[in-house]
Amino acid sequence: MRVFRYGALRSRAALYLPVTDHSWGITHGVTLDSVTEAIRHVAAAGARIGAVLVVSPTYYGVCSDIRGIARACHEAGAALIVDEAHGAHFKFHSALPETALEAGADIVVQSTHKVLGSMTQSAMLHIGLGNAEHGNAEQGDAEDGAAKHGDAKSVHGNAGAASPASVPATSLPAPAAAPSPRVSPRDIARALQLLQSSSPSYLLLASLDATVGHISLPSFCSSLARALRLASRLRSSLQSLGLRVLSPGAETDVSSPSHGSGSFAGFDPLRVAVSVREMGMTGYDVDDVLLREHSVVGELPSLHGIMFAVSTGTTDRDVDRVVAAFAAIVRERGVGERVGGGYGEEEDDELGLGYLSLPSSLTSSKTAPLAPLLPPRDAFFSPSEVVPAGQAVGRCSADMLCPYPPGIPVLLPGEVVTAEALGLLERVLSLGGSVSGLPSDSLEEIRVIVRPD
247 MRVFRYGALR SRAALYLPVT DHSWGITHGV TLDSVTEAIR HVAAAGARIG AVLVVSPTYY
307 GVCSDIRGIA RACHEAGAAL IVDEAHGAHF KFHSALPETA LEAGADIVVQ STHKVLGSMT
367 QSAMLHIGLG NAEHGNAEQG DAEDGAAKHG DAKSVHGNAG AASPASVPAT SLPAPAAAPS
427 PRVSPRDIAR ALQLLQSSSP SYLLLASLDA TVGHISLPSF CSSLARALRL ASRLRSSLQS
487 LGLRVLSPGA ETDVSSPSHG SGSFAGFDPL RVAVSVREMG MTGYDVDDVL LREHSVVGEL
547 PSLHGIMFAV STGTTDRDVD RVVAAFAAIV RERGVGERVG GGYGEEEDDE LGLGYLSLPS
607 SLTSSKTAPL APLLPPRDAF FSPSEVVPAG QAVGRCSADM LCPYPPGIPV LLPGEVVTAE
667 ALGLLERVLS LGGSVSGLPS DSLEEIRVIV RPD
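Under our numbering, the first residue of the sequence shown carries the number 247, and numbering increases by one thereafter.
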């Protein structure tokens, strides 16, 4: 969500490229076709794209075709920024997807704390060295407070709310090779100084250094291999119960601004997402049963499913408990075509709302999101008022309304409030989810932009 909020600091327009999987009610990776079409659309308007930001992998482990997207961006003179928050471990096992750095990204941000075990809020920002087609440097040892990772020189630090990194410009070591021609390490350091705290957390910085030391040990790769075996056993055991588990070969129903391939270009097998609607339940229902009756904690419950993130700390006993819990639920509820769930096709289509806005020329009729009335910055700084939800339809949203899980905005500042969007938000709330950005805890009121006189 911080990426969207950053738009409020920028005066330039942004294009959003949603890829919605209607079968699972989730979004996948941005496709190469979508990026290529967006570049053509902007060029036809006499403008130029300065940067493309892609989230890969998604929380569910789905990766985009970063190598192809990087090539398309670079041919257009645009930098590629990859939010690889959940992929910091990719470098350390051949069964995992290619890293964004290896694929040619110019800037990669990794949440080291999410997978590699550093303290919460700590992260690393990597700057690519040249293009992927020109080869990559091998991973080296940590030195001078900067970790070499793939083909990048890394800046790591406190990535808290006020401090994306805590390394001053004067402390950046000179890279061993020329950085990407589209990115200046010094400019990045200067930009960080606009946002970072003047009192960095050395506890967080030390945890990053400790993590670099840990992942440099042969034992870490062995632990990762063990986690992969456990994830494979969990996936196959759940499938043997008749449950649908997200994987590259699983049934999906993807629609995107361009119906090209690449939304599922890679996959992190450590993410095990389970569809629960065949049991006639929501992910919120299953999450409650798992915790209350089986002391099992899942992640990211949604209308259609729930997810489990296997890590180097996962044990055989953990897998056994998850499988036993689902076996008990299946015995009670059964598994079939939406058994007892009351899910109609209309309701499923509702979950396939095009969450983000695009020019109509970039959307298919199936996604059909509306274009924003105002750029995010204009919407954020415009006078606003709180009105009853029914009166907000057709008005311009002043807030980001985001159901959580999964943390994908349904309405962004500057977008038109629609009855369909409000219906989805109301459904999320009624089934146990939450929505951030509302003036109160209910959907009775919405903050909108004041209409000009």
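Positions of the beta carbon are idealized from the N, C-alpha and C atoms, including for glycine.
All of these numbers come straight from a predicted model, not from anything done at the bench.
Buried versus exposed call for residue i [16 or more other C-beta atoms within 10 Å across all chains shown]
i	result
residue 444	exposed
residue 318	buried
residue 588	Reliability fails at residue 588, whose pLDDT of 36 lies under 50, so the model's placement of it is uncertain and no value is given.
residue 430	exposed
residue 543	exposed
residue 409	Because residue 409 sits at a pLDDT of 34, beneath the cut-off of 50, its placement in the model cannot be relied upon, and the point is left open.
residue 277	buried
residue 580	exposed
residue 494	exposed
residue 436	exposed
residue 698	exposed
residue 523	buried
residue 369	buried
residue 655	buried
residue 627	exposed
residue 679	buried
residue 464	exposed
residue 670	buried
residue 448	exposed
residue 442	buried
residue 334	buried
residue 364	buried
residue 381	Note that residue 381 scores a pLDDT of 39, beneath 50, so its modelled location is shaky and nothing firm can be said.
residue 595	The predicted position of residue 595 is uncertain, since its pLDDT is 37 and thus under 50; no value can be drawn from it.
residue 682	exposed
residue 601	Note that residue 601 scores 30 on pLDDT, short of 50, meaning its location in the model is unreliable and no value can be drawn from it.
residue 578	exposed
residue 586	Because the pLDDT of residue 586 is 41, which lies under 50, any placement of that residue in the model is unreliable, and the question is left without a value.
residue 704	Summary: the structure shown does not reach residue 704, with the chain confined to residues 247 through 699, and so no result is reported for it.
residue 453	buried
Nearest candidate by alpha-carbon position, reference residue i, set the options
i	options	result
residue 294	282, 300, 339 and 513	282
residue 563	522, 529, 534 and 476	476
residue 662	637, 569 and 682	637
residue 427	565, 461 and 375	375
residue 362	459, 308, 437 and 448	459
residue 538	559, 575 and 654	575
residue 289	304, 303, 312 and 323	323
residue 307	557, 549 and 456	557
residue 660	650, 513, 682 and 630	630
residue 472	565, 349, 287 and 432	565
residue 485	667, 448 and 521	521
residue 550	336, 682 and 673	673
residue 639	272, 667, 540 and 305	667
residue 262	270, 280 and 269	280
residue 650	540, 530 and 560	530
residue 469	452, 305, 349 and 560	560
residue 653	371, 304 and 687	304
Continuous beta strand (DSSP E) stretch holding residue i: start and end
i	result
residue 552	551-555
residue 356	353-356
residue 700	Past the boundaries of the shown model lies residue 700; the chain is included only from 247 to 699, so the question cannot be answered.
residue 621	Note, residue 621: premise wrong, no beta strand (DSSP E); not H, not E.
residue 691	691-695
residue 324	It is not in any beta strand (DSSP E) - residue 324 carries neither H nor E in the DSSP assignment.
residue 460	First-last for residue 460: 448-461, but that is the alpha helix (DSSP H), not the beta strand (DSSP E).
residue 545	Note, residue 545: premise wrong, no beta strand (DSSP E); not H, not E.
residue 631	630-634
residue 369	368-374
Within 8 angstroms, strictly: CB atoms of residue i and residue j
i	j	result
residue 700	residue 695	Here the chain has residues from 247 to 699 only, and residue 700 is not among them.
residue 516	residue 572	no
residue 677	residue 689	no
residue 691	residue 632	yes
residue 693	residue 644	yes
residue 510	residue 274	yes
residue 331	residue 310	no
residue 355	residue 483	no
residue 434	residue 338	no
residue 315	residue 300	yes
residue 512	residue 343	yes
residue 685	residue 658	no
residue 346	residue 312	yes
residue 535	residue 547	no
residue 620	residue 270	no
Rounded distance between the beta-carbons of residue j and residue i, thought under 8 angstroms
i	j	result
residue 480	residue 518	5 angstroms
residue 353	residue 325	7 angstroms
residue 297	residue 328	Not a contact, Cβ separation roughly 11 angstroms.
residue 367	residue 440	About 19 angstroms; that fails the 8 angstroms criterion.
residue 474	residue 555	No, residue 474 and residue 555 are not in contact; Cβ-Cβ is about 13 angstroms, not under 8 angstroms.
Range covered by the alpha helix (DSSP H) that runs through residue i
i	result
residue 314	312-321
residue 577	562-579
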